[in-house]
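J.: Shown below is the structure under consideration.
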Amino acid sequence: MMTQNLPLIHIQTNSNHPFSFPFECDTFIHSILQYLQIHEGHFEFTFTTDTHITELHSEYFNKDSTTDVITFNLGSHSVPDGDIYICIDEAKRQASHLNHSLEFELKTLIIHGILHLIGFVDDEPALKKKMFQKQDEILNALGESA
47 MMTQNLPLIH IQTNSNHPFS FPFECDTFIH SILQYLQIHE GHFEFTFTTD
97 THITELHSEY FNKDSTTDVI TFNLGSHSVP DGDIYICIDE AKRQASHLNH
147 SLEFELKTLI IHGILHLIGF VDDEPALKKK MFQKQDEILN ALGESA
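47 is the number of the first residue of the sequence shown in the numbering used here; add one for each residue after it.
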């Protein structure tokens, strides 16, 4: 009998930033990976603060500002292995600015981080458009709406 590989998922929040997810985060992540037909790999999610993500943004990207998602790809696009940092503070601001729920914003950012790990980039307008179209496709396929 052949066993199916499953991606390893680890989720944590900064200890100084208690946070209760408004949805089953691990179940949602598994749904994304299943939709994308990703059956192996390692995904480390850290939900963090402005302070922490600004430090990462400065250290690794030479930008002294907060951001919503930072992804470090430690593997390959075919077998993703990486760390995804999502800023809860920025997610709250973006949800308010875009007039949708924090849950929807966090789900969008989770998808965004996973897409970076499998090779999507958003540093040019055409590539950003393609990435955002894929995000919308996944959100729609999973029945998520703002």
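By construction, the Cβ of each residue, glycine as well, lies at the ideal position given by its N, Cα and C atoms.
Could you tell me how far apart the beta carbons of His-185 and Lys-138 are, in whole angstroms, since I believe they sit closer than 8 Å?
T.: According to the sequence displayed, residue 185 carries Leu and not His. That pair is no contact at about 19 Å.
J.: Looking at the strands, I want to know which residues DSSP matches up with Ile-116.
T.: Paired residues: Tyr-131.
J.: Within its chain, find whatever has a CB closer than 8 Å to the CB of His-103; leave out the 5 residues flanking it on each side and keep chain order.
T.: Closer than 8 Å at Cβ, skipping near neighbours: Lys-109, Asp-110, Ser-111, Thr-112, Thr-113 and Ile-116.
J.: Counting C-beta neighbours from all protein chains within 10 Å, is the total for Glu-170 16 or more, i.e. buried, or is it exposed?
T.: So Glu-170 counts as exposed.
J.: Could you compute how far the alpha carbon of Ile-132 sits from the alpha carbon of Ile-78?
T.: Roughly 16 Å between the two C-alpha positions.
J.: Rank Ile-99, Glu-105 and Glu-151 by C-alpha distance to the C-alpha of Ile-130 and give the top, closest one.
T.: Cα-wise, what sits closest to Ile-130 is Ile-99.
J.: Give the single residue among Asn-51, Tyr-106, Asp-96 and Val-167 whose Cα lies nearest to the Cα of His-88.
T.: Considering only alpha carbons, the answer is Asn-51.
J.: Please name the residue in Ser-191, Asp-96 and Phe-69 whose C-alpha comes closest to that of Asn-145.
T.: Ranking Ser-191, Asp-96 and Phe-69 by Cα distance to Asn-145 puts Ser-191 first.
J.: Just how far apart, CA to CA, sit Ala-187 and Pro-68?
T.: The alpha-carbon atoms of Ala-187 and Pro-68 are separated by roughly 20 Å.
J.: For Thr-95, does the three-state DSSP call read helix, strand or coil?
T.: Coil at Thr-95, not helix or strand.
J.: Please confirm whether Phe-91 and Ile-134 have their CB atoms less than 7 Å apart.
T.: In this structure, Ile-134 does not lie closer than 7 Å to Phe-91 by Cβ.
J.: Would you say Thr-154 lies against chain C (beta-carbon separation less than 7 Å)?
T.: This model lacks chain C altogether, as it is built from one protein chain only.
J.: Whose C-alpha, out of Pro-53, Thr-73, Phe-118 and Asp-96, is nearest the C-alpha of Asn-62?
T.: Cα-wise, what sits closest to Asn-62 is Asp-96.
J.: In angstroms, rounded to a whole number, what distance separates the CA positions of Leu-120 and Ile-164?
T.: If you take the alpha carbons of Leu-120 and Ile-164, they lie about 11 Å apart.
J.: Around the Cβ of Gln-181, are there at least 16 other Cβ atoms within 10 angstroms (buried) or fewer (exposed)?
T.: It is buried - the Cβ of Gln-181 has at least 16 other Cβ atoms within 10 Å.
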